[in-house]
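To convert, count from 1 in the sequence shown and add 296; that's our numbering.
Backbone N, C-alpha and C define an ideal beta-carbon position, used for all residues, glycine too.
The structure displayed is predicted, hence computed values, not measured ones.
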Amino acid sequence: MPMSSAASSMESNRVSEVCSELWCLSKSNRCITNSIPAAEGTLCQTHTIDKGWCYKRVCVPFGSRPEGVDGAWGPWTPWGDCSRTCGGGVSSSSRHCDSPRPTIGGKYCLGERRRHRSCNTDDCPPGSQDFREMQCSEFDSVPFRGKFYTWKTYRGGGVKACSLTCLAEGFNFYTERAAAVVDGTPCRPDTVDICVSGECKHVGCDRVLGSDLREDKCRVCGGDGSACETIEGVFSPASPGAGYEEVVWIPKGSIHIFIQDLNLSLSHLALKGDQESLLLEDVPRTPQPHRLSLAGTTFQLRPGPNQTQSLEALGPINASLIVMVLARTELPALRYRFNAPIVRDALPPYSWHYSPWTKCSAQCAGGSQVQAVECRNQLDSSAVAPHHCSAQSKLPKRQRACNTEPCPPDWAVGNWSRCSRTCDAGVRSRSVVCLRRVSAAEEKTLDDSSCPQPRPPVLEACHGPACPPEWAALDWSECTPSCGPGLRHRVVLCKSADHRATLPPAHCPPAAKPPATMRCNLRRCPPARWVAGEWGECSAQCGLGQQQRAVRCSSHTGQPSRECAEALRPPATQQCEAKCDSPPPGDSPEECKDVNKVAYCPLVLKFQFCSRAYFRQMCCKTCHGR
Numbered sequence: 297m298p299m300s301s302a303a304s305s306m307e308s309n310r311v312s313e314v315c316s317e318l319w320c321l322s323k324s325n326r327c328i329t330n331s332i333p334a335a336e337g338t339l340c341q342t343h344t345i346d347k348g349w350c351y352k353r354v355c356v357p358f359g360s361r362p363e364g365v366d367g368a369w370g371p372w373t374p375w376g377d378c379s380r381t382c383g384g385g386v387s388s389s390s391r392h393c394d395s396p397r398p399t400i401g402g403k404y405c406l407g408e409r410r411r412h413r414s415c416n417t418d419d420c421p422p423g424s425q426d427f428r429e430m431q432c433s434e435f436d437s438v439p440f441r442g443k444f445y446t447w448k449t450y451r452g453g454g455v456k457a458c459s460l461t462c463l464a465e466g467f468n469f470y471t472e473r474a475a476a477v478v479d480g481t482p483c484r485p486d487t488v489d490i491c492v493s494g495e496c497k498h499v500g501c502d503r504v505l506g507s508d509l510r511e512d513k514c515r516v517c518g519g520d521g522s523a524c525e526t527i528e529g530v531f532s533p534a535s536p537g538a539g540y541e542e543v544v545w546i547p548k549g550s551i552h553i554f555i556q557d558l559n560l561s562l563s564h565l566a567l568k569g570d571q572e573s574l575l576l577e578d579v580p581r582t583p584q585p586h587r588l589s590l591a592g593t594t595f596q597l598r599p600g601p602n603q604t605q606s607l608e609a610l611g612p613i614n615a616s617l618i619v620m621v622l623a624r625t626e627l628p629a630l631r632y633r634f635n636a637p638i639v640r641d642a643l644p645p646y647s648w649h650y651s652p653w654t655k656c657s658a659q660c661a662g663g664s665q666v667q668a669v670e671c672r673n674q675l676d677s678s679a680v681a682p683h684h685c686s687a688q689s690k691l692p693k694r695q696r697a698c699n700t701e702p703c704p705p706d707w708a709v710g711n712w713s714r715c716s717r718t719c720d721a722g723v724r725s726r727s728v729v730c731l732r733r734v735s736a737a738e739e740k741t742l743d744d745s746s747c748p749q750p751r752p753p754v755l756e757a758c759h760g761p762a763c764p765p766e767w768a769a770l771d772w773s774e775c776t777p778s779c780g781p782g783l784r785h786r787v788v789l790c791k792s793a794d795h796r797a798t799l800p801p802a803h804c805p806p807a808a809k810p811p812a813t814m815r816c817n818l819r820r821c822p823p824a825r826w827v828a829g830e831w832g833e834c835s836a837q838c839g840l841g842q843q844q845r846a847v848r849c850s851s852h853t854g855q856p857s858r859e860c861a862e863a864l865r866p867p868a869t870q871q872c873e874a875k876c877d878s879p880p881p882g883d884s885p886e887e888c889k890d891v892n893k894v895a896y897c898p899l900v901l902k903f904q905f906c907s908r909a910y911f912r913q914m915c916c917k918t919c920h921g922r
């Protein structure tokens with residue numbers, strides 16, 4: 297629908313947007329749009345294109361079909377703060393598809409826009425609050441439906457692993473307090489995987505994202521399974537007894553403990569430790585798993601198929617446990633399995649161990665970390681002198697790359713130059729360039745706007761000792777004369793170092809005095825020319841006569857000269873004729889003739905005697921030119 301003149305101002309505002317969003321004028325004289333672009337080929341105009349047409353949602357010069365520009369990733373931002381101070385946190389970095397942006401149908405960048413890495417992977421101090429519990433407790437001061445509650449972590453099923461679901465303590469309900477937990481929160485209590493941006497991500501047993509390092513069956517990170525042995529069996533008493541009967545002894549340090557009933561409920565089971573015991577008959581039977589703390593670990597009582605139950609713990613346990621069962625009228629049958637530590641009888645008193653990784657040698661653009669080897673006492677793990685350990689069994693030193701991401705742009709500042717003056721105040725300079733270190737061996741030069749502002753100064757004032765008096769020359773005068781060889785002149789003064797005072801010439805070195813006169817030649821002078829004056833009066837008062845004028849050779853300055861070309865000299869004499877008032881008697885045209893006896897009429901004309909009546913009469917024909 298074409299627009300009326302009343303909407304011309306609106307048209308001018310929308311004309312450059314027509315290719316991306318078409319605006320039309322409704323019947324009610326309102327400018328409306330359905331947010332779709334104009335058809336390709338629609339005429340358009342921008343502040344740089346007088347006449348264009350729409351091509352792939354962009355206004356381009358009329359008749360052209362430019363190729364699309366594929367997008368490319370810009371640089372990664374610096375790594376952000378770690379989400380946790382211990383226990384394995386997450387740091388993130390992002391980038392944008394803007395170097396360049398995709399235009400005119402170009403492809404968008406492929407790959408991740410955001411990346412993550414592990415940080416602060418050391419264990420938290422003993423007794424630290426559970427990280428998920430800490431996040432739930434932060435809502436204790438936030439009202440929920442108008443009331444305040446004490447929130448604990450909900451450990452039941454049916455909820456998202458990486459959402460913050462909390463249980464109201466003392467009340468029979470739980471709710472999702474946040475859509476996602478803080479990055480670095482374990483997905484579940486029985487795994488080392490962590491939540492990142494609301495999704496459960498795999499980590500190795502070294503708490504590093506993407507690491508393939510696994511715990512062996514002995515829960516040794518990267519181990520070979522030689523530190524423990526698997527003990528398993530099935531227990532079934534021969535006959536009912538009067539009380540609890542011992543099934544198996546589980547030593548301290550055991551892991552992956554699994555106990556399953558085969559023909560009755562585990563409510564007949566008991567776990568007895570050195571300082572504490574657990575009777576399962578006190579635990580109500582529910583379809584939901586129960587979490588039971590004992591011996592430094594958490595046992596989970598889970599319902600199984602066909603009314604069976606299992607008791608599981610990841611371990612390790614910090615005290616030995618005795619599994620006992622109560623056999624009264626029916627004979628229980630139990631399957632058990634656990635990995636017990638292997639006791640080494642003859643451990644050497646000293647051995648080599650890796651020390652913690654050193655701090656990265658660079659904050660960005662590629663540094664290195666070193667893991668040194670130290671000799672330790674096996675009893676208390678204290679470091680001792682290297683000679684206590686065997687040199688043959690010494691472990692090799694480890695080294696790994698770290699902080700490989702490019703550095704943020706920063707100013708590279710060079711050294712200051714020498715002062716522009718050896719005395720008094722001067723100026724010195726230095727180079728200031730915006731650089732980005734990509735690696736230890738590569739740097740990129742960027743535009744100044746990419747670096748932190750303001751830019752470090754490139755110039756600064758500098759000072760030296762007081763300067764001695766010096767010559768000061770004023771401006772040159774104009775060349776005199778204005779053509780041909782000439783001279784320029786200027787005033788040269790002896791000045792103090794600050795040029796405020798004029799001193800006698802003797803105070804300045806004579807040899808250094810600049811010249812006060814200089815030869816010059818702006819252009820060649822015009823050549824001399826003939827100058828002719830006004831013509832004088834005619835020599836004859838009546839009839840033919842002669843006129844004369846002054847002719848002289850003059851230079852461009854008006855002075856007499858001898859350089860004029862004689863061939864170009866204008867005439868100084870010319871013939872003239874004066875009108876006669878009334879011819880004298882006898883001078884009629886019929887009688888005007890030279891007297892024959894007078895032979896000198898040509899001389900009369902030459903010497904201008906025709907003005908005299910006698911000669912004019914005697915030489916009438918000659919004087920009148922007939």
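Partner residues in a beta bridge of Met914, as assigned by DSSP, do not exist. Between Gly662 and Ala736, the C-beta gap is smaller than 8 angstroms, which places the two residues in contact. In this structure, Gly832 lies away from Cys906, with their beta-carbon atoms at least 8 angstroms apart. A residue is called buried once 16 or more other Cβ atoms fall within 10 Å of its Cβ, and Gly506, having fewer, is exposed. Residue pairing for Gln844: DSSP places it in a beta bridge opposite Thr869. Annotation for Ile345: Cys355 and Pro357 place their beta carbon closer than 7 angstroms to its own, counting only its chain and skipping 5 residues before and after. Inclusion of Lys568 and Met620 in the CB contact set at 8 angstroms is warranted, their separation being smaller than that value. Its Cα nearest to that of Gly529, the residue Asn635 stands out among Leu509, Ser616 and Asn635. When beta bridges are read from the DSSP output, Lys791 appears opposite Glu766 and Thr798. Exposed is the label assigned to Asp508, since fewer than 16 other Cβ atoms lie within 10 Å of its Cβ. With three or more CB-CB distances shorter than 8 angstroms, the stretch 413 to 433 counts as touching the stretch 473 to 480. Counted as a single uninterrupted DSSP element, the stretch harbouring Phe444 is not any beta strand (DSSP E), since DSSP gives it neither H nor E. Arg428: member of the alpha helix (DSSP H) spanning Phe427 to Ser433, first to last residue.
Annotation: Val492 to Arg726 spans about 46 angstroms, alpha carbon to alpha carbon. Here DSSP, grouped into helix, strand and coil, assigns Lys809 to coil. Bridge partners of Val723 according to DSSP: Ala757. With respect to the C-alpha of Ile332, the residue from Gln341, Leu339 and Ser316 having the closest C-alpha is Ser316. In this structure, DSSP gives His683 a helical state, which the three-state scheme calls helix. Pairing Ala793 with Cys763 gives a Cβ-Cβ distance under 8 angstroms. Comparing C-alpha distances from Phe469 to each of Pro485, Ala457 and Thr446 shows the shortest one belongs to Thr446. Take the alpha-carbon of Thr417 and the one of Glu670: they are about 22 angstroms apart. In this structure Cys897 is not in contact with His920, their Cβ atoms being roughly 11 angstroms apart against a cut-off of 8 angstroms. Pairing Leu731 with Leu742 gives a Cβ-Cβ distance under 8 angstroms. Within the same chain, Cβ atoms closer than 6 angstroms to the Cβ of Arg380 are found at Asn416 and Gly480, the five residues on either side in sequence being excluded.
Look at Glu317 here: in three-state DSSP terms it is coil, with no helix or strand label. Each residue's CA atom was taken as its position, placing Val891 and Arg858 some 47 angstroms apart. Within the same chain, Cβ atoms closer than 6 angstroms to the Cβ of Ser387 are found at Trp375, Gly376, Cys378, Arg413 and Cys415, the five residues on either side in sequence being excluded. Comparing alpha carbon positions, the residue from Glu511, Phe531 and Ser532 closest to Ser522 is Glu511. Contact annotation, Phe531 with Val516: C-beta distance approximately 29 angstroms; criterion of less than 8 angstroms not satisfied.
Residue state for His343 is assigned as coil, using DSSP reduced to three classes. If the five residues before and after Ser395 are omitted, its C-beta is found closer than 6 angstroms to the C-beta atoms of Ala368 and Gly370, all from its own chain and listed in chain order.
The shortest CA-to-CA distance from Pro867 to any of Trp653, Leu901 and Trp826 is the one to Trp826.
Secondary structure of Lys902 (DSSP, three-state): helix. For Tyr540, the uninterrupted beta strand (DSSP E) run begins and ends at Tyr540 to Ile546, by DSSP. Ranked by Cα distance from Gln688, the first of Pro705, Ile546, Ser647 and Trp653 is Ser647. For the 8 angstroms CB-CB criterion, Thr594 and Pro485 form a contact.
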